[in-house]
Each structure stands twice: as C-alpha cells, then as structure tokens.
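Engineer: Could you have a look at this structure, given as structure tokens, before my questions?
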Amino acid sequence: MKKNLVSLVLLLGALMLPAAVHAQNIYGDVNGDLEVNIADVNAVIDIILTDSGNLTAGEVNGDHEVNIADVNTIISIILSGPAPDLEHDYVDLGLPSGTLWATRNVGASAPEEYGDYFAWGETEPKNCYDWSTYKWCNGSMTKLTKYCLYSYYGYNDFVDDKTELDPADDAACAHYPGGRMPSLEQIKELIDSCTWTWSQRNGVRGALATGPNGNTMFLPLAGYRSDIALVSTGGLGFYWSRTLNLIGGSQLANHMTITDWHTFEVWAYWDKIDRACGLTVRAVLFSQN
Numbered sequence: 018m019k020k021n022l023v024s025l026v027l028l029l030g031a032l033m034l035p036a037a038v039h040a041q042n043i044y045g046d047v048n049g050d051l052e053v054n055i056a057d058v059n060a061v062i063d064i065i066l067t068d069s070g071n072l073t074a075g076e077v078n079g080d081h082e083v084n085i086a087d088v089n090t091i092i093s094i095i096l097s098g099p100a101p102d103l104e105h106d107y108v109d110l111g112l113p114s115g116t117l118w119a120t121r122n123v124g125a126s127a128p129e130e131y132g133d134y135f136a137w138g139e140t141e142p143k144n145c146y147d148w149s150t151y152k153w154c155n156g157s158m159t160k161l162t163k164y165c166l167y168s169y170y171g172y173n174d175f176v177d178d179k180t181e182l183d184p185a186d187d188a189a190c191a192h193y194p195g196g197r198m199p200s201l202e203q204i205k206e207l208i209d210s211c212t213w214t215w216s217q218r219n220g221v222r223g224a225l226a227t228g229p230n231g232n233t234m235f236l237p238l239a240g241y242r243s244d245i246a247l248v249s250t251g252g253l254g255f256y257w258s259r260t261l262n263l264i265g266g267s268q269l270a271n272h273m274t275i276t277d278w279h280t281f282e283v284w285a286y287w288d289k290i291d292r293a294c295g296l297t298v299r300a301v302l303f304s305q306n
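Per this note's numbering, the sequence shown runs over residues 18 to 306.
Here's what the structure looks like:
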C-alpha cells in the first residue's frame with residue numbers, strides 16, 4: 018500500500034508538468050520513445066518500485082542508482098525549455114562516431130561570441146577562478162571533495178574514482194539545449210578528423226574546423242580565466258572536456274587547445290589544466306548511445 022501511495026503521489030505530480038519534447042536519444046529519454054516527458058517520469062517510478070526495466074536509461078543524474086533524484090532530474094529537463102534545433106544548434110561534421118557538435122559556445126548567442134567561462138565541474142560563471150572559490154574542494158587543490166583518484170589530493174584522504182563529470186555538474190547540460198560537454202575521445206576525434214584553418218567572424222579571430230563531409234564549425238579564440246583575469250583572447254582557444262586527467266593528478270582536467278604556437282598554421286591538440294581555471298565550453302549532442 019505504501020509503495021502504491023508513493024507511486025500515486027509522484028504520478029500526480031508528474032501529470033501537472035508540461036510535456037516538453039527534446040532531441041532524439043538524449044539525456045532523460047528513459048522509455049525510448051525519443052521524447053523527454055511525463056512518460057519518462059513514470060518509467061523511472063516503475064523502475065524504483067519494481068526494480069526492473071531499463072536500469073541504464075533510468076540512471077539519469079549520474080549517482081549510479083535509480084531513485085527519486087532521477088525523477089527530479091527528468092522533471093528539471095522537462096521544465097528547462099524547448100528541444101534543441103538540430104539545424105541551427107548543432108552541426109554534423111561527418112565524424113566517424115556521428116557526434117554532432119554545437120554551433121556556438123555555451124552562453125553565446127552567435128558562433129563568434131566567446132560565451133561564458135566555467136571551472137571544471139561548475140555550472141555557473143563567476144568573477145574569480147581559483148582554488149579558494151572552486152566548488153569541489155575545501156580551499157586548495159589537495160583538498161578535493163569530488164572527482165578524486167588519489168588520496169593525496171582528497172580532503173581527509175577522500176577518493177571517489179570518478180573520471181567523468183556527472184550530468185548535474187556539466188555546464189553544457191545546464192545551459193545548452195540537449196548538450197553535454199565532450200569526452201576526451203570526442204575531442205581527439207574532432208582534432209584528428211577535421212581540417213583546421215584560421216578564420217574570422219565579424220572581426221573575431223578563431224579556427225574553422227572542416228569535417229570529412231565539408232561542413233564547418235567556427236571556434237573563437239576566447240582565451241581563459243585565471244583568478245580575476247581574462248587571458249590570451251585572440252591568441253588561444255581553451256575548450257573543456259568532461260574527462261578528468263588520469264596522469265598528472267586529480268587537480269587537472271583535459272581540454273582542447275587551439276593556437277598558432279611556433280607556426281602560422283592552426284595547431285589543435287588536447288592538454289590538461291587546473292580544474293579551477295575558467296574555460297569555455299563547446300557542447301556535443303547528449304546521447305545515451
């Protein structure tokens with residue numbers, strides 16, 4: 018009786034929500050109908066009450082369980098707004114994986130705009146980017162409270178072995194329609210599969226990535242933020258991945274760098290940087306596949 022009552026309460030709450038449709042196969046589509054709506058809320062409720070169904074799809078919020086937090090996450094997705102416009106929000110570059118990349122940075126309204134800057138694992142821009150203001154530590158890089166592989170870097174020897182951002186800590190999930198920050202593998206694919214040339218949009222210098230199918234994507238050289246300073250605009254493009262660096266230490270995360278260092282040609286490569294720095298984000302379409 019208690020389970021039935023919980024189910025009824027959650028179901029009635031869900032029925033009060035608008036049925037917003039999002040893009041195909043993206044974050045939150047639990048029941049596989051290619052939409053994110055009330056039916057997905059009900060699907061998670063069924064999984065919780067029966068401990069059966071598509072457990073992988075039902076685990077939406079990244080805590081490796083299917084529970085009420087996943088219901089709340091889907092409700093947030095439904096309320097967040099309209100579906101991405103696949104013609105204007107994303108571009109198909111013809112990459113081997115089929116990954117679709119966003120046409121502009123998170124926080125930007127046009128491809129040449131820099132957009133917002135985020136510390137790794139934070140979903141809001143801020144005025145100062147250093148360890149004293151970083152969300153996932155207790156004041157320093159050796160006192161991490163999330164995404165920590167080594168006890169030396171963990172607060173009170175904390176280790177959680179998380180190597181990729183949970184959706185709840187992903188700036189693209191929070192602010193770009195249907196978006197997800199790219200993995201390191203997706204960044205490597207973009208670098209290796211595209212032809213890179215210098216370009217300008219409305220006077221803004223950036224790199225033009227031309228995919229195997231001839232479609233293009235412009236990435237402005239937006240620099241990065243360290244402490245209160247904005248550094249290297251027009252000279253460097255720093256774009257976060259969602260992947261923690263596995264070699265240098267848990268205080269570092271992987272990103273893509275675009276520069277002309279030592280050459281007049283575009284040099285695009287992946288590297289690592291302190292998680293507390295503020296970098297721009299270029300989303301990929303969030304897919305469960």
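We put the beta carbon where it would ideally sit given N, CA and C, even for glycine.
#1: If you compare alpha carbons, which of 49, 117, 264 and 51 is closest to residue 302?
#2: Between the region 171 to 181 and the region 258 to 268, do three or more beta carbon pairs fall short of 8 Å?
#3: DSSP three-state call for residue 89: helix, strand or coil?
#4: What three-state label does DSSP hand residue 169 in the structure shown?
#5: Nearest CA to the CA of residue 216: which residue from 251, 160 and 140?
#6: Can you tell me the Cα-Cα spacing of residue 331 and residue 160, whole angstroms?
#7: With distances taken Cα to Cα, identify the nearest neighbour of residue 63 among 76, 197 and 221.
#8: Quick check: what's the CA-CA separation for residue 109 versus residue 172?
#9: Going by other Cβ atoms of all chains shown within 10 Å of its Cβ, with 16 needed for buried, is residue 199 buried or exposed?
#10: Distance, Cα to Cα, residue 191 vs residue 299?
#11: Just to confirm my understanding: we take residue 219, look at its own chain, exclude 5 residues before and 5 after, and list those with CB closer than 6 Å. What are they?
#12: Please list, in chain order, all residues of the same chain as residue 276 whose beta carbon is under 6 Å from its beta carbon, the five residues on each side excluded.
Structural biologist: So, from the data block:
#1: Here residue 302 corresponds to residue number 285 of the sequence shown, with the count starting at 1. Put simply, of 49, 117, 264 and 51 the residue whose alpha carbon is nearest the alpha carbon of residue 302 is 117.
#2: Contact between the region 171 to 181 and the region 258 to 268 is present: 3 or more CB-CB pairs across the two stretches fall below 8 Å.
#3: As a position in the sequence shown, residue 89 is number 72, starting the count at 1. Residue 89 falls in the helix class under three-state DSSP.
#4: For the purposes of this step, residue 169 is identified with residue 152 of the sequence shown, where counting begins at 1. Residue 169 falls in the helix class under three-state DSSP.
#5: Working through the sequence shown from its first residue, we reach residue 216 at position 199. Per the Cα distances, 251.
#6: Residue 331 cannot be examined here, being either before or after the span of the chain that is shown, 18 to 306.
#7: If you number the sequence shown from 1, residue 63 lands on position 46. Across the set 76, 197 and 221, the C-alpha of 76 shows the shortest separation from the C-alpha of residue 63.
#8: By one-based count along the sequence shown, residue 109 stands at place 92. By one-based count along the sequence shown, residue 172 stands at place 155. Going from the Cα of residue 109 to the Cα of residue 172 covers about 42 Å.
#9: The count along the sequence shown starts at 1 and reaches residue 199 at position 182. By the neighbour-count rule (16 or more Cβ atoms within 10 Å), residue 199 is buried.
#10: Translated into the one-based positions of the sequence shown, residue 191 becomes position 174. Translated into the one-based positions of the sequence shown, residue 299 becomes position 282. Straight-line Cα distance between these residues: approximately 13 Å.
#11: Position 202 of the sequence shown, counting from 1, holds the residue named residue 219. Same-chain partners within the cutoff: 129.
#12: Within the sequence shown, residue 276 is the residue found at index 259, counting from 1. Here the set comprises 253 and 284.
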